[in-house]
Amino acid sequence: MKKVLIGMSVLCLSAGAFASRARMAALSQGTDLTTRTGKGSLYLDDNRNIWRSAAALNDLGSHVTVEFGQDAVSGAGGTVEGGFFQSMDFGTIGMQLNNQNYGNVASNVADPGRLDVFFARNHYGVRVGYEKIDIDSVDTEGSGFDFGVGFDRGELSAWLNYVPSITNTVGGADTEADAAMNLGLTYEMSSYDLFAEYDQADDDNSSITLGAARVNEIDGGFHFQELSLNQTKAGDDSDMDLSVAFGIEHKAASWLTWRFSLRQSLLQTGDSETSTRDTQLGAGVSLTMGEMIVDGTVTNQSTGQLGTDNFMSNVSMTYMF
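Read in the numbering used here, the sequence shown has 179 at position 166, and its numbers run on one by one without any break.
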């Protein structure tokens with residue numbers, strides 16, 4: 014997809030240097046650090062955007078990235094994630110292990126193993142995901158493929174991600190999972206990025222997002238403003254949320270980058286008849302050491318303090334080569 018390249022020559026970093034769930038969360042770009050999900054940004058440049066549009070891989074160089082987390086114990090609870098990507102004459106290829114954005118293989122005592130493979134060339138990109146589980150002792154087995162395609166040329170970008178419906182065995186019983194879909198586009202108009210996206214988790218849960226954002230380059234970084242309208246459907250309930258977000262990323266020193274953001278609803282209405290204060294703060298930092306970026310969120314951001322114990326959480330490391 015078309016992304017805003019925000020003064021990276023000024024920052025002395027390539028666009029591909031930023032690649033983390035932590036950065037997207039710190040900039041209020043829809044990442045859930047509890048579930049480890051998030052498809053990147055609709056208008057800011059980040060390696061995580063490949064989970065929305067596989068064509069975003071065309072903007073990235075060769076790199077290795079690792080998201081810190083827990084190792085799987087007895088097949089469950091693994092939250093570590095990582096990928097390897099290589100640019101070649103015929104295009105860019107890569108793979109990522111243990112991403113949580115797609116797949117619907119169910120289980121009872123463990124989690125399915127997962128692999129995503131990417132290929133991108135010119136204005137196009139393709140992703141194929143595969144996951145599998147087989148635990149004979151509890152009569153659980155299943156596997157499934159899913160895919161994503163993306164297109165990015167000029168001002169227009171479009172993408173589709175699709176997870177087919179499947180039936181797998183969990184504890185000796187057949188378990189059905191509905192198909193899931195992520196479909197969207199962005200259009201760059203003057204100094205604004207317009208975006209629209211449809212996301213379907215299953216037959217009963219879906220959302221539609223419409224919005225616009227503006228990103229402004231400043232000395233050593235950028236700041237942004239976003240206005241978005243999100244309509245969600247959960248069963249028979251339909252709700253609408255109008256939210257505003259703004260944030261900044263600034264390179265304070267050759268080795269240090271700070272970022273923070275705020276997001277809050279301006280209007281909440283719908284069948285759930287719920288309207289509450291939902292202001293959310295994001296804050297994070299990157300440490301640059303040559304071609305290595307160590308990225309994380311600020312641990313104390315929700316306490317009103319800036320402590321030194323366990324300063325960074327949700328840590329990732331990215332190495333460009």
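Backbone N, C-alpha and C fix where the C-beta goes; we use that ideal spot for every residue, glycine too.
Per DSSP, THR331 is paired with what? In the DSSP secondary-structure assignment, THR331 is bridged to THR78 and ILE306.
Return the bridge partner residues of TRP64 from the DSSP annotation. Its beta-bridge partners do not exist; DSSP assigns none.
Backbone secondary structure at ALA28 - three-state DSSP: Low local confidence applies: a pLDDT of 37 at ALA28 is under 50, so the model's placement there is unreliable, and no value is given.
Within 10 Å of its beta-carbon, does ILE63 have 16 or more other beta-carbons around it, so buried, or fewer, so exposed? By the beta-carbon neighbour count (other beta carbons within 10 angstroms, threshold 16), ILE63 is buried.
So ASN338 packs on VAL176, CB below 8 Å; how close in whole Å? What the structure shows of the chain is the stretch from 14 to 334, and residue 338 is not part of that stretch, so it cannot be assessed.
Inter-residue Cα distance where the pair is ILE261 and THR292: So the alpha carbons of these two residues sit roughly 17 Å apart.
Just how far apart, CA to CA, sit TYR200 and SER251? Rounded to whole angstroms, TYR200 to SER251 spans 27 Å at the Cα level.
Given this structure, state the Cα-to-Cα distance separating PHE81 from GLN109, to the nearest angstrom. If I take the Cα positions, the gap works out to 14 Å.
Segments assigned beta strand (DSSP E), at least 3 residues, entirely inside the stretch 193 to 217: Counting only runs of at least 3 residues, the stretch 193 to 217 fully encloses the following beta strand (DSSP E) elements, listed from N- to C-terminal order: 193 to 202 and 205 to 215.
Run through the stretch 135 to 198 for me and flag every whole alpha helix (DSSP H) of 4 or more residues, listed as ranges in chain order. Within the stretch 135 to 198, no alpha helix (DSSP H) run of at least 4 residues lies entirely inside it.
Please report the straight-line C-alpha distance between ASP129 and ALA35, rounded to a whole angstrom. It is roughly 20 Å from the alpha-carbon of ASP129 to the alpha-carbon of ALA35.
Throw me the rounded Cβ distance for the GLY88 and ALA123 pair, which I believe falls under 8 Å. The Cβ separation is near 3 Å, so the contact holds.
Check whether the stretch 40 to 57 touches the stretch 126 to 146, counting contact only when three or more Cβ pairs, one atom from each stretch, lie closer than 8 Å. Taking 8 Å as the limit for Cβ pairs, the verdict is that the stretch 126 to 146 does not touch the stretch 40 to 57.
In whole angstroms, give me the CA-to-CA distance for ASP187 and PHE158. C-alpha separation (whole angstroms): 18 Å.
Give the single residue among VAL118, MET305, ASP84 and PHE131 whose Cα lies nearest to the Cα of GLY104. For GLY104, the nearest C-alpha among the options comes from PHE131.
Give me the Cβ distance between ALA296 and GLN277, rounded to the nearest whole Å; I'm assuming they're in contact under 8 Å. Actually they do not touch by this definition, with Cβ atoms about 15 Å apart.
Expressed to the nearest angstrom, what Euclidean distance is found between the alpha-carbon atoms of PHE325 and ASP72? With the sequence shown as reference, residue 325 is identified as Met, and Phe is not the correct amino acid for it. Cα-Cα distance, rounded: 28 Å.
DSSP state of LEU40 mapped onto helix, strand, coil: It is coil, neither helix nor strand.
How about GLN99 and GLY91: do their beta carbons lie closer than 8 Å? With respect to GLY91, GLN99 sits apart: the two C-beta atoms are not nearer than 8 Å.
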